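Residue numbers (the numbering used here): 13 to 303.
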């Protein structure tokens, strides 16, 4: 039976579809087996999991019930997500224990073909070493040690997912002040900057240094990125102090493409950036050896 309920994919629909797919996989059910349990066309499940078909609250409940015992928190979260309208904006508050935005952002980035990011304040999250992550969490989060460690582990696990085989190509524009901002000791910073050099040199994710003299880009607010997809509209993501926001409206995408055009003109090229980073790594190494 042919399913005709396709729609343009959205951030919300992709995240919901991904969560439902995880529930199915957790129950060790194939898509065909679940479609038989639900008496749905198999194509309907595929479209839902890819964010290409709407799903009602009742259908979410039936899906989860067919995948084994309900997990109350998951059920309420996904049911609420199914009700949300697609407005072109989706906010992800920073949870006190583990940022919900990490889950949402990882889903979108894993589905993207290309990610271009600007980080004005700290090293890009997906390029942070474990010691740097720990120093950042210790500084920014007033949490018990167990919850701090949970954040560190979540960040490192996210990196593993992002750099899995077949992931998106990435380019990072990083503000000079973020690279000079010392977190942890000099050894931590030396290893962090050296990691950026290695990652950029291997072509995994080019790092472009944005000199502080290149313009007041930090006045644009926190970090932001553009995610381009093969079959879905481009999505922008802007980071705030209390929440991250996904933006899908064409006017917003045009605005952020304009920001990246200006960053492209202001930033050092790849070779210049590697040389600059090597020089900075040397400064941190000398400071570490002096202690």
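Using N, Cα and C, we set each Cβ at its ideal position, and we do this for glycine too.
All values derive from a computational prediction rather than experimental measurement.
Host beta strand (DSSP E) of residue i (start-end)
i, result
"residue 238", "236-240"
"residue 282", "Note, residue 282: premise wrong, no beta strand (DSSP E); alpha helix (DSSP H) at 282-302."
"residue 255", "255-259"
Nonlocal neighbours in the same chain, by C-beta distance under 7 angstroms from residue i, ignoring five residues either side
i, result
"residue 296", "198, 201, 202, 205"
"residue 149", "160, 163, 164"
"residue 119", "26, 27, 30"
"residue 143", "196, 200, 203"
Nearest-angstrom beta carbon gap, residue j and residue i [assumed within contact, 8 angstroms]
i, j, result
"residue 100", "residue 61", "About 23 angstroms separates the two Cβ atoms, so there is no contact after all."
"residue 102", "residue 258", "4 angstroms"
"residue 289", "residue 221", "7 angstroms"
"residue 41", "residue 79", "6 angstroms"
"residue 286", "residue 213", "6 angstroms"
"residue 254", "residue 105", "7 angstroms"
"residue 34", "residue 46", "That pair is no contact at about 13 angstroms."
Pair within 8 angstroms by beta-carbon distance, residue i and residue j
i, j, result
"residue 209", "residue 135", "no"
"residue 63", "residue 21", "yes"
"residue 292", "residue 229", "no"
"residue 128", "residue 207", "no"
"residue 69", "residue 49", "no"
"residue 90", "residue 32", "yes"
Where residue i falls: helix, strand or coil (DSSP)
i, result
"residue 64", "coil"
"residue 233", "coil"
"residue 154", "coil"
"residue 72", "helix"
"residue 220", "strand"
"residue 85", "helix"
Unbroken alpha helix (DSSP H) run spanning residue i, endpoints
i, result
"residue 183", "Unbroken run through residue 183 is the beta strand (DSSP E), 181-187; no alpha helix (DSSP H)."
"residue 23", "23-38"
"residue 99", "Looking at the DSSP string, residue 99 is not in any alpha helix (DSSP H), and its letter there is neither H nor E."
"residue 131", "Premise fails: residue 131 lies in the beta strand (DSSP E), 126-131, not in any alpha helix (DSSP H)."
Other residues of its chain near residue i: CB distance less than 6 angstroms, five sequence neighbours each side excluded
i, result
"residue 133", "190"
"residue 302", "none"
"residue 306", "The structure shown does not extend to residue 306, since the chain is modelled only from 13 through 303, so no value can be given for it."
"residue 223", "188"
"residue 239", "120, 124, 127, 247"
Own chain, CB closer than 8 angstroms to residue i, minus 5 neighbours either side, in chain order
i, result
"residue 264", "100, 248"
"residue 152", "none"
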